[in-house]
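A short worksheet on the structure shown next.
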Amino acid sequence: MAVLIIGISASLYVHAQQSTIENDIDSVIINGIEFQTKDFFNKISIKTIETNDGEKTGIPLDEMLQYAGISCISCHEYTFKASDGYQQSVTWEHISKGVFTDEKSIFFPDLARTFWVINIIEVKVN
277 MAVLIIGISA SLYVHAQQST IENDIDSVII NGIEFQTKDF FNKISIKTIE TNDGEKTGIP
337 LDEMLQYAGI SCISCHEYTF KASDGYQQSV TWEHISKGVF TDEKSIFFPD LARTFWVINI
397 IEVKVN
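Residue numbers for the sequence shown follow this note's numbering, beginning at 277 and rising by one.
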């Protein structure tokens with residue numbers, strides 16, 4: 277009986293985690309406002325950059341932030357937070373060269389891989 281209860285509990289936990297992950301895939305919070313990522317890709321032209329890990333294709337980060345309504349996008353530093361809690365802060369100089377991919381990842385042609393953030397759930401304007 278205990279094994280059955282543990283099995284059911286584990287199944288419920290896995291299902292709840294999958295639902296959370298699926299919700300993370302569809303949106304990102306920018307400066308406290310939730311945006312659907314598909315809207316960015318419907319409105320902003322795609323570009324490809326060359327990184328030390330090959331080509332990366334996505335939408336320009338500066339255009340994404342402008343679309344999100346950030347005033348004076350070049351006046352701020354931005355912190356990108358991943359679903360696993362990892363985060364990195366990036367200055368405008370690098371934002372203007374970076375891309376946001378449809379997998380919700382950011383890449384920069386002139387920064388180390390430690391600045392690349394995967395599965396972004398939030399962007400804070402500092």
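We put the CB at the ideal spot given by N, CA and C, even for glycine.
Identify every residue that forms a DSSP beta bridge with residue i.
i: A358; result: I396
i: S372; result: Answer is none; S372 lacks a bridge partner.
i: P336; result: V375
Skipping 5 residues on each side, what residues in its chain have a beta carbon closer than 6 Å to that of residue i?
i: G334; result: V375, F376 and T377
Determine whether the beta carbon atoms of residue i and residue j lie at a separation below 8 Å.
i: N402; j: H370; result: no
i: I320; j: M340; result: yes
Among the candidates the options, whose CA atom is the shortest distance from the CA of residue i?
i: E398; options: S372, T367, F383 and D360; result: D360
i: H326; options: K373, W368, P385 and Y354; result: The amino acid at residue 326 is misidentified as His; the sequence shows Glu. Ranking K373, W368, P385 and Y354 by Cα distance to E326 puts P385 first.
i: K373; options: I322, F311, I396 and I346; result: I322
i: W368; options: N395, Q342, T390 and R389; result: Q342
Heavy atom of the ligand ADP less than 7 Å from the Cβ of residue i, yes or no?
i: I349; result: Of ligands this structure carries none, so the ligand ADP is not represented either.
Should residue i go down as buried or exposed, given a rule of 16 or more other Cβ atoms within 10 Å for buried?
i: T324; result: exposed
i: A388; result: exposed
Counting only the same chain and skipping the five closest in sequence on each side, list residues whose C-beta sits under 8 Å from that of residue i.
i: V304; result: E310, F311, T313, K380, I396, I397, E398 and V399
i: I346; result: I306, N307, H352 and V401
i: L349; result: A quick correction: the sequence has Ile, not Leu, at residue 349. Excluding sequence neighbours, I349 sits near D338, L341, Q342, W368 and I371.
i: T390; result: Q364
Who are the Cβ neighbours of residue i in its own chain at under 7 Å, not counting the five residues just before and after it?
i: Y362; result: V393
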